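Take a look at the structure below.
Numbering (my numbering), first residue to last: 1 to 310.
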């Protein structure tokens with residue numbers, strides 16, 4: 001009997017219980033016992049959400065792997081009590097949701113749609129945007145989500161530039177890496193999309209210096225992680241016109257405090273961490289496949305490099 005602990009909120013349990021049972025059955029994993037609050041020493045796998053509050057994995061002496069429901073794992077990678085493999089969530093629901101949010105907002109800013117949607121003075125201002133082929137869009141972070149967004153933007157004919165910590169090669173994307181590569185990419189980035197994980201190396205990657213490298217009036221989209229941006233530097237860059245607009249979905253503190261200046265700034269759009277969400281049906285398929293793989297002695301999908309932090 002495989003004992004699988006669901007370490008997440010009551011709400012998540014209500015959403016995930018049936019999809020997980022169905023996915024485990026389809027993957028022919030069995031017999032299994034899926035529940036919450038099991039005796040730790042009897043648990044083989046933990047399905048994990050950081051909001052569950054589980055931090056001490058020492059009592060889980062039979063544990064084979066921890067399977068995160070979140071794409072971001074920065075809150076657990078440094079946990080010294082976790083000595084078994086850790087996987088992050090990458091599923092088609094996350095990819096599709098992120099791709100839709102990113103392409104929607106890239107098109108919004110590329111076409112200058114805000115000026116027509118919010119036009120209280122009824123100004124007739126026929127500004128024609130360039131074609132997508134003449135618009136430079138940068139994606140910082142070329143993991144599964146970044147690659148999916150890059151592929152969609154290439155299909156729309158945008159001039160796409162990508163940056164990652166290690167070398168990558170993607171069809172139709174001008175890929176760069178390293179410090180010099182970051183400077184080259186930012187120097188072209190009329191629209192910059194942040195899809196990096198939050199690690200010590202990526203925190204404040206957009207700061208006073210790097211924001212100054214971007215074309216004047218550039219747009220920033222951040223559906224990745226709040227700490228990627230130095231908030232004070234961004235507000236200053238918006239004030240002096242170096243950055244024209246920032247559409248932000250993630251923040252250092254969530255929910256974003258009601259008195260935060262982002263809420264009322266005319267150059268900032270706040271969306272409440274909705275760019276992409278773990279969908280129970282598609283995420284359950286990934287969890288079940290990883291349990292199947294583990295039991296069969298196969299490599300796990302989306303295994304986290306604890307040293308790198310993602």
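Glycine included, each C-beta is placed from N, C-alpha and C at the ideal position.
Small disclaimer: the values here were computed from a predicted structure and weren't measured.
From the DSSP output, in three-state form, read off residue i for me.
i: residue 138; result: strand
i: residue 49; result: coil
i: residue 287; result: helix
i: residue 240; result: coil
i: residue 273; result: coil
i: residue 7; result: strand
i: residue 87; result: strand
i: residue 68; result: strand
i: residue 247; result: strand
i: residue 219; result: strand
i: residue 34; result: strand
i: residue 2; result: strand
i: residue 82; result: coil
i: residue 256; result: coil
i: residue 206; result: strand
i: residue 94; result: helix
i: residue 235; result: helix
i: residue 268; result: strand
i: residue 211; result: helix
i: residue 63; result: coil
i: residue 303; result: strand
Enumerate in chain order the residues of its own chain whose CB-to-CB distance from residue i is below 6 Å, with the five nearest sequence positions on each side excluded.
i: residue 7; result: 46, 48, 52, 54
i: residue 301; result: 290
i: residue 313; result: This structure leaves residue 313 out entirely; the chain is present only between 1 and 310.
i: residue 306; result: 77
i: residue 217; result: 244
i: residue 146; result: 139, 195
i: residue 15; result: 280
i: residue 176; result: 163, 184, 185
For the candidate residues the options, whose alpha-carbon lies nearest to that of residue i?
i: residue 144; options: 135, 201, 134, 164; result: 164
i: residue 242; options: 182, 233, 56, 2; result: 233
i: residue 249; options: 82, 277, 259; result: 277
i: residue 224; options: 237, 214, 209, 205; result: 205
i: residue 256; options: 240, 231, 237, 267; result: 231
i: residue 173; options: 137, 180, 187, 198; result: 137
i: residue 282; options: 142, 77, 194, 97; result: 97
i: residue 299; options: 36, 64, 50; result: 64
i: residue 79; options: 57, 67, 100; result: 57
i: residue 168; options: 156, 160, 142; result: 142
i: residue 1; options: 188, 196, 43, 203; result: 43
i: residue 199; options: 59, 73, 14; result: 73
i: residue 310; options: 220, 294, 195; result: 195
i: residue 202; options: 258, 159, 212, 140; result: 140
i: residue 295; options: 113, 32, 226, 266; result: 32
i: residue 191; options: 235, 81, 288, 134; result: 134
i: residue 59; options: 111, 166, 81; result: 81
i: residue 238; options: 215, 180, 259, 86; result: 215
i: residue 235; options: 258, 176, 266; result: 266
i: residue 179; options: 297, 148, 213; result: 213
i: residue 75; options: 287, 197, 107; result: 197
Within 10 angstroms of its Cβ, does residue i collect 16 or more other Cβ (buried), or is it exposed?
i: residue 131; result: exposed
i: residue 128; result: exposed
i: residue 253; result: exposed
i: residue 116; result: exposed
i: residue 308; result: exposed
i: residue 125; result: exposed
i: residue 311; result: Any question about residue 311 goes unanswered here, given that the chain covers just 1 to 310.
i: residue 264; result: exposed
i: residue 95; result: buried
i: residue 118; result: exposed
i: residue 71; result: buried
i: residue 303; result: exposed
i: residue 37; result: exposed
i: residue 226; result: buried
i: residue 323; result: Not covered by the structure: residue 323. The range shown for the chain is 1 to 310.
Counting only the same chain and skipping the five closest in sequence on each side, list residues whose C-beta sits under 7 Å from that of residue i.
i: residue 292; result: 27, 29
i: residue 328; result: Because the chain here runs from 1 to 310, residue 328 falls outside it and cannot be looked at.
i: residue 207; result: 230, 233
i: residue 84; result: 63, 64, 65, 66
In chain order, what residues of the same chain lie with their CB nearer than 8 Å to the CB of residue i, ignoring the 5 residues before and after it?
i: residue 61; result: 40, 41
i: residue 34; result: 4, 6, 17, 20, 21, 24
i: residue 92; result: 282
i: residue 9; result: 49, 51, 52
i: residue 152; result: 99, 102, 103
i: residue 219; result: 109, 190, 191, 192, 243, 244, 245, 246, 247
i: residue 112; result: 127, 129
Please list the segments of the beta strand (DSSP E) lying wholly inside the stretch 118 to 201, counting only runs of 3 or more residues, in order along the chain. 136 to 140, 159 to 164, 173 to 177, 191 to 194
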